[in-house]
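In full-length UniProt numbering, the protein residues as written are 1 to 439.
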């Protein structure tokens with residue numbers, strides 16, 4: 001049986017490629033070598049968010065009055081979140097079947113390319129198709145080896161964690177994990193070689209996250225390099241530059257990822273990642289690559305964005321856009337960070353607490369910043385606060401379409417809502433720009 005589309009990998013890139021292809025009437029098969037879901041669904045942002053969602057809304061003061069051990073309560077929430085992720089495979093399978101996508105479990109191996117098709121072996125089958133989409137993602141890696149030296153994938157599969165932990169790397173992965181461990185009472189040390197955590201993120205967005213971590217007892221060592229990690233069997237000895245040696249029951253190494261190159265695929269690569277054009281096509285005209293494997297941006301939302309275009313591209317109904325001006329991105333910390341576009345010369349800000357909905361919800365923290373480079377169009381939007389990632393999608397569209405501040409000012413908001421803070425930030429930016437021009 002010949003397929004129109006063969007997809008290898010079921011993370012965000014593969015899943016959305018298969019769904020978009022199936023919904024457009026293309027005969028599609030998805031191949032997965034392990035469990036359905038990949039990093040994005042099983043051990044990445046969704047897993048982190050499921051666990052942190054269990055922490056949100058907990059009334060710590062009430063628990064104290066009732067004599068409940070708060071950290072033990074959070075540990076229970078953590079364990080439940082880990083167990084809940086097992087249900088994801090069934091959800092993904094049902095959605096794929098609904099879109100008409102066939103699922104094959106087995107490691108996919110590219111066999112050959114014929115005149116009008118590619119051939120892949122998987123699950124004891126020979127699968128022929130017109131097009132192949134590689135969506136095999138990337139895997140967490142470490143400079144050191146040992147049973148007690150793990151990556152985020154192993155950590156997020158553990159229902160019970162030790163009392164003390166070292167997280168190597170203060171990027172997105174490391175800080176999201178630190179948010180989890182700090183809430184369940186684990187003595188956490190984050191080691192970051194740069195001068196700040198979440199490098200590349202605006203300081204005003206990072207500060208609330210760091211403040212919350214430190215309030216919960218997390219230690220953060222900046223400008224500190226890990227020179228060596230040695231697994232001693234019952235503990236790990238960590239040698240830190242300028243800080244000597246420390247020992248931990250468990251070390252989690254973050255921020256190091258290697259691409260999962262599928263067996264047999266011979267296409268152009270650069271620094272270990274597959275090179276693609278604006279339509280995600282590789283150097284082989286029948287092979288495409290989406291998600292982490294193409295190295296454009298190692299984030300689940302980027303993989304989804306790319307995958308959702310594949311059905312239209314392969315059906316000949318649209319061209320791809322591999323490099324959008326504003327790729328929305330979220331960091332699932334407490335508080336959350338959400339950004340789209342980039343910082344500009346002009347800005348305006350507003351606080352969620354100053355909205356009437358903020359008053360009704362009892363919100364005390366969180367803000368929106370709107371940026372403009374030319375004093376007219378919106379070039380970026382940043383937010384900090386509870387669940388701000390939920391507000392992000394439509395705002396990215398405003399940046400992509402180069403909507404002006406005046407146009408954004410006229411958007412009708414439901415009242416009262418938290419997103420009225422965006423309107424207030426736009427007003428503040430207009431006022432700030434007007435004031436500067438008058439000087």
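Glycine included, each C-beta is placed from N, C-alpha and C at the ideal position. Bear in mind that the values here come from a model prediction, so they are computed numbers and not experimental data.
The alpha helix (DSSP H) that contains residue i, what's its start and end?
i	result
residue 248	Not the alpha helix (DSSP H): residue 248 falls in the beta strand (DSSP E), residues 244-248.
residue 305	300-314
residue 360	356-361
residue 65	60-65
residue 2	No alpha helix (DSSP H) contains residue 2, which is instead part of the beta strand (DSSP E) from 2-8.
residue 391	Here residue 391 belongs to no alpha helix (DSSP H), and DSSP marks it neither H nor E.
Any idea what DSSP makes of residue i, helix, strand or coil?
i	result
residue 342	coil
residue 127	strand
residue 26	coil
residue 383	strand
residue 71	helix
residue 327	coil
residue 278	coil
residue 414	coil
residue 288	strand
residue 256	coil
residue 39	helix
residue 145	coil
residue 429	helix
residue 181	helix
residue 161	coil
residue 200	coil
Straight-line CA distance for residue i to residue j?
i	j	result
residue 330	residue 231	34 Å
residue 47	residue 38	11 Å
residue 359	residue 396	26 Å
residue 81	residue 113	43 Å
residue 308	residue 408	27 Å
residue 115	residue 285	12 Å
residue 418	residue 352	6 Å
residue 150	residue 173	13 Å
residue 292	residue 64	44 Å
residue 429	residue 343	13 Å
residue 391	residue 236	41 Å
residue 30	residue 103	5 Å
residue 387	residue 301	16 Å
residue 76	residue 434	53 Å
Count the other CB atoms within 10 Å of the CB of residue i; is the residue buried (16 or more) or exposed (fewer)?
i	result
residue 335	buried
residue 140	buried
residue 444	Any property of residue 444 remains undetermined from this structure, which presents the chain solely from 1 to 439.
residue 414	exposed
residue 94	exposed
residue 326	buried
residue 394	exposed
residue 131	buried
residue 68	exposed
residue 234	exposed
Tell whether a beta-carbon distance below 7 Å holds between residue i and residue j.
i	j	result
residue 265	residue 110	yes
residue 257	residue 12	no
residue 355	residue 262	no
residue 55	residue 164	no
residue 99	residue 19	yes
residue 138	residue 259	yes
residue 128	residue 2	yes
residue 289	residue 313	no
residue 182	residue 213	yes
residue 441	residue 74	What is shown of the chain runs 1 to 439, which leaves residue 441 out entirely.
residue 22	residue 101	yes
Tell me which residue opens and which closes the beta strand (DSSP E) that residue i is part of.
i	result
residue 165	164-168
residue 231	226-231
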